[in-house]
Amino acid sequence: MNIELDNVNILGNGVIRPEGVMVRKDGIVLAADARGQIAKIDPSGNISFYGDVGGVPNGICLDEQGNCIIANIGNGRVQSLAEDGTHRVLMTEAEGKAMPSPNFPYVDRKGRLWVTNSSYRDNIDEALWDPAPDGSVVLIDQGAARIAAEEIYFANGVTLNSDESRLYVAATTQRAVIQYDVQADGSLTSPETYGPSPLAEMGHPDGIAFDEAGNLWVTFPLWNAVGLITPERELVMVLEDPLGRVLKRPTNICFGWKNRETAFIGSLDGTGIPCFRAPFPGMRLVHQ
Numbered sequence: 008m009n010i011e012l013d014n015v016n017i018l019g020n021g022v023i024r025p026e027g028v029m030v031r032k033d034g035i036v037l038a039a040d041a042r043g044q045i046a047k048i049d050p051s052g053n054i055s056f057y058g059d060v061g062g063v064p065n066g067i068c069l070d071e072q073g074n075c076i077i078a079n080i081g082n083g084r085v086q087s088l089a090e091d092g093t094h095r096v097l098m099t100e101a102e103g104k105a106m107p108s109p110n111f112p113y114v115d116r117k118g119r120l121w122v123t124n125s126s127y128r129d130n131i132d133e134a135l136w137d138p139a140p141d142g143s144v145v146l147i148d149q150g151a152a153r154i155a156a157e158e159i160y161f162a163n164g165v166t167l168n169s170d171e172s173r174l175y176v177a178a179t180t181q182r183a184v185i186q187y188d189v190q191a192d193g194s195l196t197s198p199e200t201y202g203p204s205p206l207a208e209m210g211h212p213d214g215i216a217f218d219e220a221g222n223l224w225v226t227f228p229l230w231n232a233v234g235l236i237t238p239e240r241e242l243v244m245v246l247e248d249p250l251g252r253v254l255k256r257p258t259n260i261c262f263g264w265k266n267r268e269t270a271f272i273g274s275l276d277g278t279g280i281p282c283f284r285a286p287f288p289g290m291r292l293v294h295q
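Following my numbering, the numbering of the sequence shown begins with 8 at its first residue and continues without gaps.
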């Protein structure tokens, strides 16, 4: 299942810290940009920018109306950005607790928004070099935010499985993915490690996303690699780039274009979006 580096293309150029990436139904690729905006890249690589949300946009997703939901790790806000450039703040706190490091958002089919908060500490770098279980998952349902899970080691990427019965969180500094059962009211129960623990020596997971075969794709920025956890909970490496030829500390992964057969990779250090033909189509998201 290995992907050769020569089979990876780079879409676009000129984005700063495209940590989050998402693909619209019309083929436009959206990427976070550290200048407080969102990059729009068409399939030919032409690029434009929109929005002025401040901070440093991190993970992004799209809701059913096409708004770009931004976990803004630079200003502690979760924001909804319309294509006309207007935005509104969806969350800064939950249950009276500040959420200073929103990392990744995910919209489910009930219209609820799940957001990871990497750490309650104001210094996000401290949370990386001094690991502690002070990350959380927040559920925003009909405008109300509540804490759904806590005691996570640097809560990062988040996704649900195809029937939305389980939620998965990348616990970066634990080098693990955590699985929860999702109850009807959005409560998260029965946490357990999903896949190897630790994932690998350099297996600090960042972004996660399912494909239609039930594989959970995982990006590893320190490893400069992309792998997947099979339904049998085994880790299989798909793409490794130790010299950083095309992967520049990969952070997130999504699927799009025809039949969602192309994988797109966000990164901390890249200026474009690596993409390649995936062995399985990506799981359909609400905007697709």
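We put the CB at the ideal spot given by N, CA and C, even for glycine.
Remember, it's a predicted structure, so these values are computed and weren't measured experimentally.
C-alpha distance - residue i paired with residue j, whole-angstrom precision
i    : j    : result
F217 : K104 : 31 Å
I77  : I159 : 21 Å
A156 : E239 : 25 Å
G73  : R24  : 22 Å
S204 : R153 : 28 Å
W136 : H211 : 13 Å
V144 : Y175 : 10 Å
V36  : M290 : 17 Å
With 16 other Cβ atoms within 10 Å as the buried cut-off, status of residue i
i    : result
N130 : exposed
K47  : buried
T196 : exposed
T93  : exposed
D13  : exposed
Q3   : Because the chain in this structure spans residues 8 to 295, residue 3 falls outside the shown range and cannot be described.
P281 : buried
G273 : buried
S169 : exposed
Extent of the continuous beta strand (DSSP E) to which residue i belongs
i    : result
E247 : 242-247
N259 : 257-263
E158 : 151-159
E199 : 195-200
D40  : 36-40
Y57  : 54-57
P281 : 280-284
Y187 : 183-189
Chain-order list of residues whose beta-carbon lies under 8 Å from that of residue i (same chain, five-residue window excluded)
i    : result
W264 : V30, G34, P50
E100 : M106, A152
Endpoints, alpha helix (DSSP H) assigned at residue i
i    : result
E133 : 131-136
Residue i Cβ short of 8 Å to the ligand NAD heavy atom set
i   : result
L88 : With respect to the ligand NAD, the structure offers nothing, as it holds no ligand at all.
Spatial neighbours of residue i in its chain, beta-carbon cut-off 6 Å, leaving aside the 5 residues before and after
i    : result
V96  : R84, Q86
Y127 : D141
Three CB pairs or more closer than 8 Å across the region 253-267 and the region 218-231:
yes
Give a yes or no on contact between the region 177-193 and the region 257-274, applying the rule of three or more CB pairs nearer than 8 Å.
no
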